[in-house]
Structures are given as C-alpha cells and as structure tokens.
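Inspection log for the structure reproduced underneath, given as structure tokens.
There are 2 protein chains.
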Amino acid sequence: MSKEKISKQDFSRRDLLSGSAKAATLAGLGSATVAAGAAGLVGGSALTPRQAKAAEAGKAFVGPGDLDEYYGFWSSGQSGEVRIYGVPSMRELIRIPVFNRCSATGWGLTNESRKILTEGLLPGTKEFLSTRGGVWLNGDAHHPHMSFTDGTYDGRFLFVNDKANTRVARIRCDVMKCDKIIEIPNAADIHGMRPQKYPRTGYVFANGEHRVPIPNDGMILDEPDKYHSVFTAIDGDAMTVAWQVIVDGNLDNCDADYQGLYAFSTCYNSEEGVTLAEMTANEQDWVVIFDIKRIEAAVKNGDLKTIGGVPVVDGRHGSKFTRYIPISTSPHGCNTAPDGRHVMIAGKLSPTVSVMDVTLLPDLFDDKIKPRDCIVAEPELGLGPLHTAFDGEGNAFTTLFLDSQVCKWNIDKAVRAFKGEKVDPIVEKIDVHYQPGHNHTSMGETKEADGKWLVSLNKFSKDRFINVGPLKPENDQLIDISGDSMALVHDGASFAEPHDCIIVKTSVVNPRAIWDRNDPMWAEARAWAEKDGVDLEEAEQVIRDGNKVRVYMYSIAPTFSLEKFTVKQGDEVTVFITNMDDVGDLTHGFTLANYGIAMEIPAQATVSVSFTADRPGVHWFYCQWFCHALHMEMRGRMLVEPRAT
Amino acid sequence: MSKEKISKQDFSRRDLLSGSAKAATLAGLGSATVAAGAAGLVGGSALTPRQAKAAEAGKAFVGPGDLDEYYGFWSSGQSGEVRIYGVPSMRELIRIPVFNRCSATGWGLTNESRKILTEGLLPGTKEFLSTRGGVWLNGDAHHPHMSFTDGTYDGRFLFVNDKANTRVARIRCDVMKCDKIIEIPNAADIHGMRPQKYPRTGYVFANGEHRVPIPNDGMILDEPDKYHSVFTAIDGDAMTVAWQVIVDGNLDNCDADYQGLYAFSTCYNSEEGVTLAEMTANEQDWVVIFDIKRIEAAVKNGDLKTIGGVPVVDGRHGSKFTRYIPISTSPHGCNTAPDGRHVMIAGKLSPTVSVMDVTLLPDLFDDKIKPRDCIVAEPELGLGPLHTAFDGEGNAFTTLFLDSQVCKWNIDKAVRAFKGEKVDPIVEKIDVHYQPGHNHTSMGETKEADGKWLVSLNKFSKDRFINVGPLKPENDQLIDISGDSMALVHDGASFAEPHDCIIVKTSVVNPRAIWDRNDPMWAEARAWAEKDGVDLEEAEQVIRDGNKVRVYMYSIAPTFSLEKFTVKQGDEVTVFITNMDDVGDLTHGFTLANYGIAMEIPAQATVSVSFTADRPGVHWFYCQWFCHALHMEMRGRMLVEPRAT
C-alpha cells in the first residue's frame, strides 16, 4: 500500500546528512541546530524546527492510516511474550503471550492454552508444577526466528526459546498464536536458537546454555567436572526432539548454514568453571560445528544413547560429529551472512569478529585442514562486539556493547586484510544509546537481505526518554542503512527486555482475519460438545454430570446466549463459549468477576475454561473486549447455590 | 528540554490543512496526494512524499534523543497493568504491573508484591484464593487518575480500578510502582473511578457497577429486586474505605467537582433488570449526585449502618444524601469541565450530552428546584456520545462511538442554544478510526487544561495497521487541537485494551532515579535481616532455621555475592537480594531457572522471594536484566540435596 518507489528526483538523506548535520546526528546531539540548518519550505510555509526534523527522518515516517512495510517480530526477554512491531514506524502492534501469564487473553488459564503449556512438559516438571497451579507463569524469551524454506522466510511459523524454564515454543503465523511448547530434556536453560535455513525448517537448533548433571536428580551436586551442556535439534514440524549432542563448554548463540550441512554454536567457559574468575581464565574459547549429515547417519544407525527419552550423541572433543574452532575468549554472537559462505563469530571480550568460511568445513571434518584454517578474517572493530547483521551487499553491521556503537564493515575487505592486503574493512561507526545487544536488518538473516533498515536493541536508555522512575525502558533504535551513511531515525522505548528481533517483509506473512471453525485449537471442546450432543454454534445448554457441569454458550454482540446459569457450590464447572460474530476485529471476552476468570474469544473461535465454583452467590460475567454500543450490557449471571451446612 | 515556543514566523498547520489537503485528512484518505500537494524544499532538496507528510505531522514529531512534553498514563483494561506513554510521540515507555502477573518483574511472585496484592483483600477472597496460589492473576484496569491538590495534578499518586475483581490500586509516582491495592466490600466490580479534585485527594470515588445481594453469600440468588449497587469513597492517603452509599441503578462513570462539595455518577439500568431487554426498556435513566458534606456529617454522627466492616448510608431515592437527575437512557461518560461549573453527561444511546451546572446543586439538595433544572444545555452531537474532554478555552470534545468521530463543541453556545438562542454549538467533527471510547486532552481534567493535544482511544483498528491476525490492536489516535481545526497526527496501536488515559505535563512528575535504602517497600526484609543479624548491603549468609532457610546476598554487576548455596529438598527457602549498584538504570534480575522464579531488583532496592526447594539437583540462577559486558556470566548455583529415600 505504501510501498512507494523512491524516484531519482526524490530527496536523498545523504545530501541532508552532510557536514555539521551529519556530525551532530552521529554524536547524538540535540536537534535544534541540525533542524534549523535544514529548515526550508513546505507548501510555501516555513518549517518549524520540529517539522524540519520530522522531514529529515521522513523515510521512517508512517503517517496516520499508512501501513508499515515490514513485520518486526520481537522477543521480550523476561516478559515471556512475543511482540509484533510495524517497521519502520516501530509501533508495537500486538502481543502474543507465550511463556507468560496473560491477564487479557487468559493465556495460562483457558483449557486450550493450558493444553499447549503442559503437553510438552517433562514428567518431573509436571510433578513439580502440580503444587504450583500446573503451568509456568514466567519465561525468558530470547530469540524469535521464522521458519525458512530455501534460505528465506516462508511465513509458516515463528519459534522462540525460553532460557528460564528450558523450553522452545512455536507460533502459528496464520493466527499469530502459540500452538506448541516443548521442554527440552537433558539440557538446562535454552539460550541460542535458530531454525535450519536449507532446504527448510526442518530442524530448530537450540543451545542448552548451562552445564548440569545428566540426569539432574541431585545425585551429582558440587562436582562441576561432571556437568554437561547439550545441543538440541528439534523437529519443527512435529515439535519433538530429533536428536541431541553433548558438547564441551557453555553453549551460547547458534546459527545454521545455507547448504543444510552444518550448524554452529559459540561456546564460552571452555574452562568449564562455575565462578566468574574460572569462566574467564582462558585466552580462547571456541565455536563448535555440528555435522548434520554425520549425526543423522548415527541416529539412523543407532550409534547413540537414549537419554531422557531422546537420541543423544557424544560430540565432545575428539568426536566425529563436531569440530571445535578456537576463538578469542568468550565469543558471543553467531550470524551467517546472506552470501551463504561467511559466519560471523563476535568476540565479546575480544575487539574482533572472527569470520568463518563454511566452504572449508568439509575439509575440516575430513581432517585435511586445522580448525583455525576455517577463519578467513578477523577484523578488529571496537570494544564489546556482540552481534552482526547484514545488508546483502557485502557489508556487516556489528554491535559494540562497550563502545555503544554499531560498526559497519565490509566482509570482502576484511578477508583481504586478513590475507595481508592494506585495506581497512571498517566503513563507518554510528553511536547508539546505549549498550547494544542484538541487532537485526530487514530480511537480514535470509538470502533476501535487502539493506534497508537496521534495528539496534540497546540495553540501557538512561536519558533518552522522560524519566519514568528507577526502572527505565530499553531502547530499540531504528537506523536507515539504505544510504552510504547510516542515519539514526527513531528511538523506541521498550519494556524488559527486547532481547532479539527479526524484520520480515509484509508479503511473506498472511494471517487470517477470523478463525476457521474447523481449527484444531479447540478439538477437545468439539469432542466434549459432541459427547454432550451440543452444537457449539447454537449452544445454550448446561449439562450436569455428577458434580461436573459443562456450560455451553455462544456470543453475538451484544449478548451471550445464556443470560444466567446456576451451579452448586463445589461444582467443577467448564464454560465453553463460541464467538459467532464473523467479521474481522470482532473479538469478545468472558470475564467472570471475582472468580479470576478472563479470556479472549476471537471471532469464529471456541474457547473454554474450567474452575471450581467454591464461592456462593451472584457472580456477573461480562464481555471485556469492546464489541458494540451496548458492550457494557453484554453480561449475565452465574448463580452459585451455597453448599448445605 | 524540547519545549520550544512556536514563534509567529513558524509554519502553521492551519495553512497547510486547507482545501483538499484538509478534506483528504478528514476523510481519512491515503496521503500521497496530500503530501504531493504539500511537497516543498528542505535544505535545498525536494521532499519525498513521505517526508512532506512527516513535516505535515511535524508538531507531534519527537526526534531521536528529544524528550516528550507530557506523560501519558494509560490503563490497559483487561491486561491489568498501567502504562506510561510519552506524548506527543505516543511511545509506550514502561509498564507498571498492578492487577496482572508479570513475568519480567516478578509482580505477583516476590514477597513484597504479594504483600501488596493480598493485604487489602477481604477475608472471603483470601479464603477463595488460598487454593489458587493466593493472589489474583488478572484484572480489568479501567480508569487511571492522578491525585489532585487544589484542582490540578500534584504528582503524588495514580489510582486505578479493577472491574474484574472489585479493587482499587494506588501507584507511587516517585518510583512508579504500585504500593497499595484494596478490595472494596459490599460492591461488585468497580467501574467508574475518579479522585477528589478539591481541596485535595483526599477521596477516591469508586462505582460498584453490578448490582448484587449484600452480603453476597448465596442466601439471595435469582431475586434481582434484592440486589444493590454501592458507591464508595476511599481515603486515598490511608487506602481504606471512608464510607459507602447504596444507590438505585447500575453505577457507571463518575467525577467530582472543583469545590469539594459533590461527586456524580452516571447510572444506567434504572429498570434494575438483569437482561439486555430489561436494562434498556426505560426512556430515561439518571445521574446521581452525592452530597459529600451531608454524608460526612452522617458518618460523623453515626447516622449509618456498618456493613462488611465499613460505614454505609442509604442513598436510594428519597435520601437526603443524594439527588437523581433524569437523563436520556443509559448515560455513560461523566466529565467535569475545567471551568469548575459544568459537568458533561454523555448520552450513549441518546445523541445528546446533558450539561449539568454544579452551582445549582445546593438549591437542588434544598429542594428549591427540580432535578432537571440543573441541566443547562443538552446539545445533540451525533450517534453514541461516550466521553468528553476539554481544551480550557470553553470547548468540549466528545467521542461519538457509532459515528466514529470526535465532535468539538462550544459549551457557552450550547448553554445559549438551550435557552433558545439560534446558535450552533458544534464547531467541528473529525473522523477517528474506529469506534472511540474514552478520550482525553492534555491536563484536560484539571483547571490547567492547556488545549494542546487530544487522544481518542478507539476500540477497533480494522485496516489501520498491517494485519496481525484475528486479534487486532486497538488504536490510540493523537489529535492536534491547538489550531482552529483538529488535525489527526498519529495512529498508535495498542494491546487490549487502552481503556482510558490522562495526559500530564512533565513538570508535575519527578520520579527518583534509584531507590532510597530506607524505603518502606522492603520493611519486612529489613526486619528479617535484623533478626538474623545480617547487613543486607553486605550480605552473603545462609541462615537455617529448621527447614526454613534464608539466603541473603547482594549484587554488584556482574556478580551475586554468593556463587552458590546449598539447601535440602523440601526446605522452605527465602532469597533476599540487595542491588548495591547505585547508578541510574542499573537494574539487576534474579532468575532461578526451572523453578519459575524471576524478579526485578532495582538499583539500591532489596527484593525477596520464597519457595519450596522440592526439586533436587543443580539449579542455576542468573541475572536477566542486562547489566554488564559479563552479564551472561552473572550467575550462581542452588544445590538441592535430595531427600533421603
């Protein structure tokens, strides 16, 4: 809709961002002087300084009613959800509850969400949670990545890991809701996670970060040399563990190649220590390379152990399944370039990024070359390099945590410099505010990287927003990388913590407007209704079965089909509601007041919730999703007859 | 910082928004033609259409590093939190968990938050929740309002109601955290809520919306004529119920006067029915007026009943404490104008707003005039008038839900028209997208209304953002009201549901950068430490007391003072952590992996959490709030010795 082509006559920000204006922008100075210098005319009237500045950042401006050109999928770190942004407006459009408990949608409360939250848990965890309400209420969502087909996003799924409670979740992109969550056995605290890029996803690779005993049942405690960390390949279609690899060191971030042959994980703590001093003692750690074909063959041939119910191979030093390439201490980011050849291993405690050439890996696995022979460049970029993004034109953008900068550098020049040529790979640095972690470019982790936008996810905002108290937002900054010079165009505040993101062109994603009545999401509700002889779409029944009561209703704005229902104190009640409105954006809700019940009922969906009616009296239920001029009147009563005393 | 004065030479949006441009904007059309028409020059270069549009909306543009001029405090409806926005950038800066369970901060998990969430609950609710984890996990946060002194905001507190579980919460504006939550007895499902404006807050007035039996213990069930609704005055300093009034009808929205004499609530369902047909049968409902001085005198003189532990007076028809002014069916919004005289009662199902003159209320209570004599204007504005905001220059802005418009109208002209003068009070209408509920102007509910910005909180966004699936965002639109014509300058997506907001100039609010070590928030932790002989600020102790274990540590980036601690399976463990970093924006976190524990530890604060260590083995804890280049290494181990079998 607003994908207007920029013609040659159009204003170039490169022209504007020259001289003092550019210097001021790069230094992060206030804009009054810049804007004043840029002030000109619109429609015959002089621009105010603010208007001039708005025009200056105009490429990122999405006016009222105009549409964004990219979806941004943001993890939320310890908030446990996934967020959809619009890019370049940087507006947060919607939240997708995943690992968190959502007051609005009833995620963690409804029967449908609790099935998703519990069916992939390990038996020990189910038992642990049985005295804690049955579901985890928190998560630490780090890395959101879309499923790939042939090296680019295919719009089917998003995957995201939970570092806090060792899980990986999947989100269906047709409805933008989570449909599967699995707990990863043997591993502790999933950190890095990336989907297979080729031929398709396929596998979702997941790093168990922390080393723990296997099994972690208390028989081994303060014996760190008996701890292990585990790399996992998940079948992204079935959402089951395909295989695991035990490795040396703590697994950090990972990525996959564009050939479908290898996956890679950075490792820190090669010392396998348990204190800060121990973990950072060595001068070098490593990146570990996984040979997918060899591992698949071993799994097929039974060359494995079954541990915790899944196939596990031993990939520690000396294994045929892995190779360990030494990298300066505590490498962190791991990003495959769109050229399909280079993988960037960021130094974190070293000022360098090590560039690995995947075309050399077959020789490494065949022991024809040494591990460090696979490193074809190692440019020194600045202090605290963490993650690298790409523009698809041979340039890389690396966040520098300690320098609070993004460094743009040229991959080819870095390779040439590594060979001894006198060439400087660094193209430009730009200040960000402050302390960047992950970064990401539009389509940048696919072969279709388009070099338009870069987002820098900064861990501190300090003085960049009005003071909201001791807990400050973080700062997602948008940088225009389409010109020769990078230009900072937007500061976006965000709640803890925007750990990572991807930026996907809108044409890839095509969500439904309303649900399909045949959707598998409420298969169990459908089975109950069939058993009870109820038509969900015309339901207004109350079925009693001992002390179990099933209440079926439908909603059409502004009414529920039942204006009241009566139960007995102590009854185990399940309420099934079907939203029979069939127009887009007509979500209903069901809040049962003073019972802690609230849930979203999307158009054409069925949602259910179960609870014990142990509070006698008159309890109103109401629609909490504004639906109609008589929305406030959309309600009814649950009458709970007191237990005879 | 960026409060630049607009000089006379500056560009006027009125000039730009003339002719076809204005028409196109009002019709909500795409911008290409508008922008093309407005295209001009900046710094000698032609503007792209997008840049021209950016300049057009430039008054709302807050560039990278520039600061907003207003705090926006947003309720979040069924999300249960409060959000702080920056205005005019409309960026969501931070979330304040209140009625929800927060995965990131541990709100609902930490001992400090659970004290706040539970200490104001009624005994029956505590018992009900005892089998449900002890705290509510959801809320429906409707109306966020700041404390007043002398008719304007004083920056001390925010108050917000929970319709779902009948609560009112308070947020401390010095730290932007909730410090008190109380459940309101006798009432069901608090809806309208406003603070006393004069002489100060003082009272927080809260409407019990739904009619229920008192007590609601199941003795009365399907006998709606025995149901009641209750109006509550809360002491905002003590956060206790000062007094209650039983009324006729369902209480909807409320407001207070600028004289400290009266409060007002709209009521629908004068029929006191329980079905939609019954509730909307009458042609008229009413606004009920509460005489604060008479009620205070009755409470002082004991002219009351004590019900549910609080003083209750009977304010039903015929009472000396109240008067009922008839209004066309189902009035909704209730907004006192900054002129200190007029109160706007929106018609909802009637196209009118009824204007009440508070200077006539003494005569009404003295029975010198009739109720309808207090209505001094009743302009017909359009379909579905819901809420009214003000510019401080005698104009009112009313949302029209069904028409999807905001209507600007002149109060004085409406009064004159009501007297028979041939004058049209309607100044202008602007389309909003779509179906607006609440609206609010900058400082608009105070005597300092400044007429700069209007926010329209629209319940549907439909096609205004890229498609994110069946659940769409709502749409908070920003409208520039500083000129003669209203101008829509921003569409802001928001997650369910931005129910209401206020817009407060930044000078009123001055939050702390870090916590005071003497803050009462962790008084209990301080008491425990004293009893255990532990200095919280240098703590690295594990105190065992039978099967109760108290673990004390402090944090300084990138370490916790304990790299490990050992407990026995089944121990009841409390972990106290003090963040000894003393610079702004240096929050730490404590996540205990695979135990469901995660919490925020702000700079200079102490936070604690209790749990049963019923899972043996090695469990890593880590800092989840990015704090340092070695943040990932900031961690330790909890070793849980298995129970002897």
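These protein sequence lines map, in sequence, to chains A and B.
Heads up: the first sequence begins at 1 in the working numbering, then just goes up one per residue.
Heads up: the second sequence begins at 1001 in the working numbering, then just goes up one per residue.
Think of the CB as a built atom: it goes at the ideal place given N, C-alpha and C, for glycine as much as any other residue.
| said: I'd like to know whether the C-beta atoms of B:ILE1503 and B:VAL1087 end up nearer to each other than 7 Å. | reply: yes
Let's see if you can read the secondary structure: which residues bound the beta strand (DSSP E) around B:ARG1167?
1167-1172
### Message
Give me the subset of the stretch 1511-1529 of chain B whose CB atoms are less than 9 Å from a CB atom of chain A, sorted by chain position.
### Response
PRO1511, ARG1512, ALA1513, ILE1514, TRP1515
task: Would you give the residue range spanned by the beta strand (DSSP E) that A:GLY636 belongs to?
output: 635-641
Quiz item: When you compare each of A:ALA281, A:ILE181, A:MET90, A:TRP453 to A:ASP391 by their alpha carbons, which one comes out closest?
Solution: A:TRP453
**Asked** What residue from A:LEU586, A:GLY249, A:LEU536, A:ALA593 has the CA that sits closest to A:ILE601's CA?
**Response** A:LEU586
Original post:
Sorted by chain position, which residues of the same chain lie with C-beta nearer than 6 Å to A:GLU448's C-beta, five sequence neighbours on each side aside?
Top reply: THR152
For a quick check, are the C-beta atoms of B:ALA1169 and B:GLY1080 less than 7 Å apart? no
Going by DSSP in three states, A:MET279 sits in which element: helix, strand or coil? helix
> Which residues bound the beta strand (DSSP E) around B:PRO1385?
Replying inline: B:PRO1385 -> beta strand (DSSP E) spans 1385-1390.
According to DSSP, is B:ASP1480 part of a helix, a strand, or is it coil?
Three-state result, B:ASP1480: strand.
Check: Between which two residues does the alpha helix (DSSP H) carrying A:THR399 extend?
Finding: Careful: A:THR399 lies outside any alpha helix (DSSP H), inside the beta strand (DSSP E) at 395-400.
- Residues near B:LEU1029 in its chain [Cβ-Cβ closer than 7 Å; skip 5 each side]: For B:LEU1029, the pLDDT reaches just 30, beneath the cut-off of 50, and the residue's location in the model is therefore unreliable, although a value from the coordinates is still provided. None.
*asked:* For B:ASN1518, count the other beta carbons within 10 Å of its own beta carbon; 16 or more makes it buried, fewer makes it exposed. Which is it?
replied: exposed
*asked:* Please list, in chain order, the chain B residues whose beta carbon lies closer than 8 Å to that of A:LEU93.
replied: PHE1465, ILE1466, VAL1468, PRO1473, ALA1493
**Study point:** Proximity below 7 Å, CB of A:ASP235 to CB of A:ALA242
**Key:** yes
Who does B:SER1265 pair with in a DSSP beta bridge? B:CYS1254, B:VAL1288
_Where B:ASP1672 meets chain A, residues with beta-carbon distance less than 7 Å_ = Shown here, chain B extends from 1001 to 1645; a query on residue 1672 of chain B therefore has no answer.
- State the Cα-Cα distance for the pair A:VAL175 and A:MET521, rounded to the nearest angstrom. The straight-line gap from Cα to Cα measures roughly 11 Å.
In this structure, does DSSP put B:CYS1374 in helix, strand or coil?
The answer is helix: DSSP assigns B:CYS1374 an H, G or I state.
Pick from B:LEU1630, B:VAL1358, B:ALA1057, B:GLU1641 that is closest to A:SER350, judged by C-alpha positions: B:LEU1630
| query | A:CYS102: which of B:TRP1074, B:ASN1111, B:GLY1139 sits nearest, CA to CA? | reply | B:GLY1139
request  = Could you check the C-alpha separation between B:LEU1041 and B:THR1280 for me, to the nearest Å?
outcome  = The predicted position of B:LEU1041 is uncertain, since its pLDDT is 39 and thus under 50; a value taken from the coordinates is nonetheless stated next. The alpha-carbon atoms of B:LEU1041 and B:THR1280 are separated by roughly 58 Å.
Q: Could you check which residue in A:LYS531, A:ASP535, A:ILE556 has the C-alpha nearest to that of A:ASP545?
A: Taking only the C-alpha atoms, the option nearest A:ASP545 is A:LYS531.
**Request:** Using a Cβ cut-off of 7 Å, pull out every chain B residue sitting near A:MET279, in sequence order please.
**Result:** GLU1633
- Message: Determine, for B:TRP1074, whether the minimum Cβ-Cβ distance to residues of chain D falls below 7 Å.
- Response: Among the chains of the structure shown, chain D does not appear; the protein chains present are A and B.
- Query: Is DSSP giving B:ALA1513 helix, strand or coil here?
  - Reply: coil
Rounded separation between A:VAL423 and A:TRP409 - CA only:
11 Å
Does B:ARG1194 come within less than 7 Å of chain A when only Cβ atoms are used? no
| Considering only C-alpha positions, which residue in the set B:ALA1054, B:ALA1052, B:ILE1084, B:ALA1060 is nearest to A:PHE465? | B:ILE1084
Next item on the list: Using only the heavy atoms of the ligand FMN, determine whether one of them is closer than 6 Å to the beta carbon of B:GLU1538.
Entry: The ligand FMN is absent from the structure shown, which contains no ligands of any kind.
(message) Against chain B, which members of the stretch 131-151 of chain A pass a CB distance test of less than 8 Å?
(response) THR131, ARG132, GLY133, TRP136, LEU137, ASN138, GLY139, ASP140
Residues of chain B with CB closer than 7 Å to the CB of A:GLY333, please, in chain order.
Per Cβ cutoff of 7 Å: no residues; A:GLY333 is ~12 Å from chain B at best.
Is it the case that the stretch 1546-1563 of chain B contacts the stretch 1572-1589 of chain B, given that we only count it when at least three CB pairs across the two stretches are under 8 Å? At 8 Å Cβ cutoff, the stretches touch.
**Q.** Endpoints, the alpha helix (DSSP H) within which A:ALA346 is located
**A.** Premise fails: A:ALA346 lies in the beta strand (DSSP E), 342-346, not in any alpha helix (DSSP H).
- Would you call B:ALA1021 buried or exposed, if buried means 16 or more other Cβ atoms sit within 10 Å of its Cβ? Note on B:ALA1021: pLDDT 34, under 50, position unreliable in the model; the coordinate value appears next. Buried is the call here.
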